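Trainee: First residue of the sequence shown: 125, per this note's numbering; consecutive thereafter.
Just so it is clear, CB atoms sit at the ideal spot from N, CA and C, and this is done for glycine as well.
Note that the coordinates shown come from a computational prediction; the quantities given were computed from them, not determined experimentally.
One structure is given below, represented as structure tokens, and several questions about it will come after.
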Amino acid sequence: MRQNLVAGNWKMNLTYPEGLALVEEITRLAGDAGATGPEIVVCPPFPLLHGVGQALPQGGRFHLGAQNCHQKESGAFTGEVSAKVLASVGCEYVILGHSERRQYFGEDDELLSQKLKAALVAGLKPIFCVGESLDTREADETFAFISKQLTDGLFHLSNEEFEQVTIAYEPIWAIGTGRTASSAQAQEVHAFIREQIARAYDAQAALNTTILYGGSANAQNARELFSQPDVDGGLIGGASLKAVDFATIIQSF
Ligand code: PEP
125 MRQNLVAGNW
135 KMNLTYPEGL
145 ALVEEITRLA
155 GDAGATGPEI
165 VVCPPFPLLH
175 GVGQALPQGG
185 RFHLGAQNCH
195 QKESGAFTGE
205 VSAKVLASVG
215 CEYVILGHSE
225 RRQYFGEDDE
235 LLSQKLKAAL
245 VAGLKPIFCV
255 GESLDTREAD
265 ETFAFISKQL
275 TDGLFHLSNE
285 EFEQVTIAYE
295 PIWAIGTGRT
305 ASSAQAQEVH
315 AFIREQIARA
325 YDAQAALNTT
335 ILYGGSANAQ
345 NARELFSQPD
355 VDGGLIGGAS
365 LKAVDFATII
375 QSF
């Protein structure tokens, strides 16, 4: 059966000492969430990965994730970081297809397909993000849009590869805006995503896939969001930078 999971996307925030202080505090507050608690993934900026990974409790529910990777294994790509390098510093997860990468760095489904493959070859578990803009939602095209993102970006994977993937539904209009999707809106899209997985793969794959909600999730609304049958946790931006809030979210199942 699928795992509940909470991932913190620090984005381009926190220095190394600040990152270390944050994980120390999160571990103190949430480290005892018990065997039934969610998997916890911390996704700092690249230079912090190794040190933050070392500072996390080892061998338990805490995991290290990156926010992006390059699609090639190595080579002359100045400034880029490969999935293989990420794995070598202790990463287990990588966020791919975040709307900020799609919007500001022009990442399209074709490129994301390549990045997914590269991540899987390196043994990383992708957290693959999908989500519609406000215009798309208001035009009543959310389902068609999400379906296309899944088909073009993700469903080319084999059954075996797909087993490694976590999906994050992140409506763009809710990211960093303080405007959260209602739990009913989140549940509706999560259930739709699960249906699409069943069509593309099979019913078991649909049941087994962890689907996270992301978009202004916080310590106040996490419990309500996570109570929805198809919401298996969260990809958390702003609130993952505050230890008390992130710990509360971890304890919201
Ligand atoms: C995100 O960017 O993945 C995100 C969910 O951000 P926030 O929680 O700040 O809306």
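1. Could you tell me whether the Cβ atoms of SER206 and HIS194 are closer together than 9 Å?
2. Would you say CYS215 touches the ligand PEP, meaning its beta carbon is less than 8 Å from a heavy atom?
3. Looking at the secondary structure, which residues open and close the alpha helix (DSSP H) in which PRO386 lies?
4. What do you reckon, is the C-beta of ILE317 under 8 Å from a heavy atom of the ligand PEP?
5. Indicate the three-state DSSP secondary structure (helix, strand or coil) for GLY132 in the structure shown.
6. Looking at THR334: is its Cβ nearer than 9 Å to the Cβ of LEU129?
7. What does DSSP give as the partner residues of CYS167 in its beta bridges?
8. Tell me the rounded alpha-carbon separation between VAL124 and PRO250.
9. Measure the Cβ-Cβ separation of THR151 and LEU173 and say whether it is below 9 Å.
10. For my contact list, ILE373 and ALA363 are in at a C-beta cut-off of 8 Å; report their separation, rounded to the angstrom.
11. Can you grab the Cα-Cα spacing for the pair TYR337 / CYS253, in whole Å?
12. Output the distance between the C-alpha atoms of MET136 and GLY247, rounded to the nearest integer angstrom.
13. Among ILE164, GLY221 and GLU197, which one has its Cα closest to the Cα of SER212?
14. Looking at C-alpha atoms only, which residue of PHE229, VAL147, TRP297 and ALA327 is the closest neighbour of GLN387?
15. Excluding sequence positions up to five away, which residues of its chain have a Cβ less than 6 Å from the Cβ of GLU204?
16. Looking at the unbroken alpha helix (DSSP H) that takes in TYR228, where does it start and where does it end?
Mentor: For this structure:
1. As a first step, residue 206 must be located in the sequence shown, where it is residue number 82. As a first step, residue 194 must be located in the sequence shown, where it is residue number 70. Taking 9 Å as the Cβ cut-off, SER206 and HIS194 qualify as a contacting pair.
2. Along the sequence shown, one-based indexing puts residue 215 at 91. Outside the cutoff, so no.
3. What the structure shows of the chain is the stretch from 125 to 377, and residue 386 is not part of that stretch, so it cannot be assessed.
4. The residue given as residue 317 occupies position 193 in the sequence shown. Checking every heavy atom of the ligand PEP against the Cβ of ILE317, none is found closer than 8 Å.
5. Residue 132 sits at position 8 when you count from the first residue of the sequence shown. In this structure, GLY132 counts as strand in the three-state DSSP scheme.
6. Residue 334 sits at position 210 when you count from the first residue of the sequence shown. Residue 129 sits at position 5 when you count from the first residue of the sequence shown. Taking 9 Å as the Cβ cut-off, THR334 and LEU129 qualify as a contacting pair.
7. As a first step, residue 167 is located in the sequence shown; it is residue number 43 there, counting from the start. ASN133.
8. No information on residue 124 is available, as it lies outside the stretch 125 to 377 that the chain covers here.
9. By one-based count along the sequence shown, residue 151 stands at place 27. By one-based count along the sequence shown, residue 173 stands at place 49. Contact: no.
10. Mapped onto the sequence shown, residue 373 falls at position 249. Mapped onto the sequence shown, residue 363 falls at position 239. Between ALA363 and ILE373 the Cβ distance is about 6 Å, and since that is below 8 Å, they are a contact.
11. Along the sequence shown, read from residue 1 onward, the residue named residue 337 stands at position 213. Along the sequence shown, read from residue 1 onward, the residue named residue 253 stands at position 129. Their Cα atoms are separated by approximately 9 Å.
12. Taking the sequence shown and counting its residues from 1, the one referred to as residue 136 is at position 12. Taking the sequence shown and counting its residues from 1, the one referred to as residue 247 is at position 123. For MET136 and GLY247, the distance between alpha carbons rounds to 24 Å.
13. By 1-based counting over the sequence shown, the position of residue 212 is 88. Here the closest residue by C-alpha is GLU197.
14. No answer is possible for residue 387: the residues shown for the chain start at 125 and end at 377.
15. Within the sequence shown, residue 204 is the residue found at index 80, counting from 1. Excluding residues within five positions, the ones whose Cβ falls inside 6 Å are HIS194.
16. Along the sequence shown, one-based indexing puts residue 228 at 104. Per DSSP, TYR228 belongs to the alpha helix (DSSP H) from 223-228.
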